[in-house]
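Student: Okay, handing you the structure first.
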Amino acid sequence: MGFYVASNRMLTALAVGVFFAVFLAPAVAQSGRARATADVDLSARLKEVEGNPKLLEELLKTGQKVAAVCSNCHGDGGNSSKPDVPNLAGQNSAYLLEQVRQFAEGQRRNPFMEGMIKALKSDEKIGMVLFYTRQTVTGHKTNASAVLQARGKDYFNKICWRCHAEDGHGNDKFARIAGQQPVYLEATLKRYRTGAGARTDALMAASTKLMTDADIDAVVAYVSSMP
Ligand code: HEC
Ligand code: HEC
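Residues in the sequence shown are numbered from 0 upward in steps of one, following numbering that gives the first Met the number 0.
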């Protein structure tokens, strides 16, 4: 057991290292001015950058370079083609920054993503967030039946819209979920429902506590099909 844990960690560290050596090192070398400190207030920095057109342009370029690394899993422009990897396109900046914080502090557990986020400088994180929030979500196909989607819509319109908005696009506080990848959605909702483990959130635990697996199937069918 101990051996497996240790070797998994080593493999993760190795995988992250290889990704950076191959893909990101040149980008980092070019954006030498990126801030290196971990204690930068990312929300304040984001606002500062958004209010300064020249800086914004510069960090959008940094973000595009970072996103080229992430595209191996999250797809071009953050439109994932893997059902178990989330889209980042069109996601809200406050939500993205919060997930960056959670991965960096080990609150949301995913060894690979924790490593990726820890390896980014603060302006690379800001650039990445700025870049993804500006991308359009393209794929919203689902194979689910119309009946299942309609059931999911009813459920969504009773509970989920209150925070994630009627169109599922969220707002400056809550995540966009419209068009999100179905396998990822299902896994995420089931994780929140257990109220413990790799990903927890009090509001989402309360919102999923009463969901049956069938409710989750229906909601996933609807939400993943939302434009
Ligand atoms: C090897 C594949 C892989 C690569 C490369 C990768 N990611 Fe991820 N990422 C994932 C997976 C899988 C998840 C879902 C993790 C989970 O929920 O446990 C994820 C989740 C995320 C999330 C949370 C999204 C959400 O909707 O909550 C963010 C933000 C993120 N990744 C950013 C990045 C950035 C930025 C990069 C590039 C620097 C990157 N990822 C590279 C696989 C990857
Ligand atoms: C009371 C507010 C609230 C309600 C109602 C709510 N959510 Fe959430 N939701 C949140 C918050 C807050 C988060 C971010 C939690 C975190 O950081 O992990 C979230 C995150 C999510 C995520 C993760 C997004 C991602 O990209 O990983 C999904 C999926 C989600 N909610 C789906 C739903 C569904 C489906 C419903 C209805 C059954 C619902 N939510 C109802 C507040 C809410």
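Glycine included, C-beta positions come from ideal geometry on N, C-alpha and C. Note that the coordinates shown come from a computational prediction; the quantities given were computed from them, not determined experimentally.
Exposed or buried, what is Ala228 when buried is set at 16 or more other beta-carbons lying within 10 Å of its beta-carbon?
Tutor: Residue 228 lies beyond the stretch modelled for the chain, which goes from 0 to 226, so this question has no answer here.
Student: How long is the line joining the alpha carbons of Met112 and Phe102, rounded to whole angstroms?
Tutor: The count along the sequence shown starts at 1 and reaches residue 112 at position 113. The count along the sequence shown starts at 1 and reaches residue 102 at position 103. Roughly 7 Å separates the two Cα atoms.
Student: With Gly194 and Met127 assumed to form a contact (beta carbons below 8 Å), what rounded beta-carbon distance in angstroms separates them?
Tutor: As a first step, residue 194 must be located in the sequence shown, where it is residue number 195. As a first step, residue 127 must be located in the sequence shown, where it is residue number 128. No, Gly194 and Met127 are not in contact; Cβ-Cβ is about 30 Å, not under 8 Å.
Student: I want to see whether chain D comes within less than 7 Å of His139, judged by CB atoms only; does it?
Tutor: Annotation note: the requested chain D is absent from the structure, which comprises a single protein chain.
Student: Per the contact definition of three or more C-beta pairs closer than 8 Å, is the segment 115 to 123 in contact with the segment 149 to 166?
Tutor: Judged by Cβ distances under 8 Å, the segment 149 to 166 makes no contact with the segment 115 to 123, as fewer than three pairs qualify.
Student: Hey, Leu58 and Leu119: beta-carbon distance below 7 Å or not?
Tutor: One-based indexing of the sequence shown puts residue 58 at position 59. One-based indexing of the sequence shown puts residue 119 at position 120. No, Cβ-Cβ distance for Leu58 and Leu119 is not below 7 Å.
Student: Is it the case that the segment 38 to 56 contacts the segment 141 to 160, given that we only count it when at least three CB pairs across the two stretches are under 8 Å?
Tutor: Short answer: they don't touch.
Student: Using a Cβ-Cβ cutoff of less than 6 Å, which residues in the same chain neighbour Ala35 once the five nearest sequence positions on both sides are dropped?
Tutor: The sequence position of residue 35 within the sequence shown is 36, counting from 1. Unreliable positioning characterises Ala35 in this predicted model, as indicated by a pLDDT of 42, which lies under 50. The coordinate reading is nonetheless provided below. Only Lys120 meet the Cβ criterion.
Student: Out of Ser70, Met115, Arg100, Asp166, point me to the one whose CA is closest to Ser42's CA.
Tutor: Here residue 42 refers to the residue found at position 43 of the sequence shown. Among Ser70, Met115, Arg100, Asp166, the Cα nearest to that of Ser42 belongs to Arg100.
Student: Just to confirm my understanding: we take Phe2, look at its own chain, exclude 5 residues before and 5 after, and list those with CB closer than 8 Å. What are they?
Tutor: Within the sequence shown, numbered from 1, the residue matching residue 2 stands at position 3. Residue confidence is low: Phe2 scores 45 on pLDDT, short of 50, so the model does not pin down where it sits. Its coordinate-derived value is still stated next. Correct list: empty, nothing qualifies.
Student: Which residue's Cα is closest to the Cα of Ala88: Pro82, Phe173, His73, Lys81?
Tutor: On the sequence shown, position 89 is the one that residue 88 refers to. For Ala88, the nearest C-alpha among the options comes from His73.
Student: Note the first and the last residue of the continuous alpha helix (DSSP H) segment covering Lys53.
Tutor: As a first step, residue 53 must be located in the sequence shown, where it is residue number 54. Per DSSP, Lys53 belongs to the alpha helix (DSSP H) from 52 to 73.
Student: My output table needs one value for Thr199: the three-state DSSP class, helix, strand or coil.
Tutor: The residue given as residue 199 occupies position 200 in the sequence shown. Reduced to three states, the DSSP call for Thr199 is coil.
Student: Starting from the Cα of Arg44, find the closest Cα among Ala93, Val65, Asn109 and give me that residue.
Tutor: Within the sequence shown, the letter at position 45 stands for residue 44. Answer by Cα proximity: Ala93.
Student: Rank Arg190, Asp212, Gly178 by C-alpha distance to the C-alpha of Pro226 and give the top, closest one.
Tutor: Counting from 1 along the sequence shown, the entry for residue 226 is found at position 227. Comparing Cα positions, the closest option is Gly178.
Student: Run through DSSP, which three-state label would Ile215 get?
Tutor: What you label residue 215 is simply residue 216 of the sequence shown in a count that begins at 1. It is helical.
Student: Would Ser79 be called buried (16 or more neighbouring beta carbons within 10 Å of its own) or exposed?
Tutor: What you label residue 79 is simply residue 80 of the sequence shown in a count that begins at 1. Classification for Ser79: buried.
Student: Out of curiosity, what's the CA-to-CA distance linking Ser70 and Tyr154?
Tutor: Numbered from 1 along the sequence shown, position 71 holds the residue referred to as residue 70. Numbered from 1 along the sequence shown, position 155 holds the residue referred to as residue 154. Their backbone Cα atoms lie some 32 Å apart in a straight line.
Student: Using only the alpha-carbon positions, how far apart do Asp83 and Ala205 sit?
Tutor: On the sequence shown, residue 83 is found 84 positions in, with the first residue counted as 1. On the sequence shown, residue 205 is found 206 positions in, with the first residue counted as 1. Straight-line Cα distance between these residues: approximately 24 Å.
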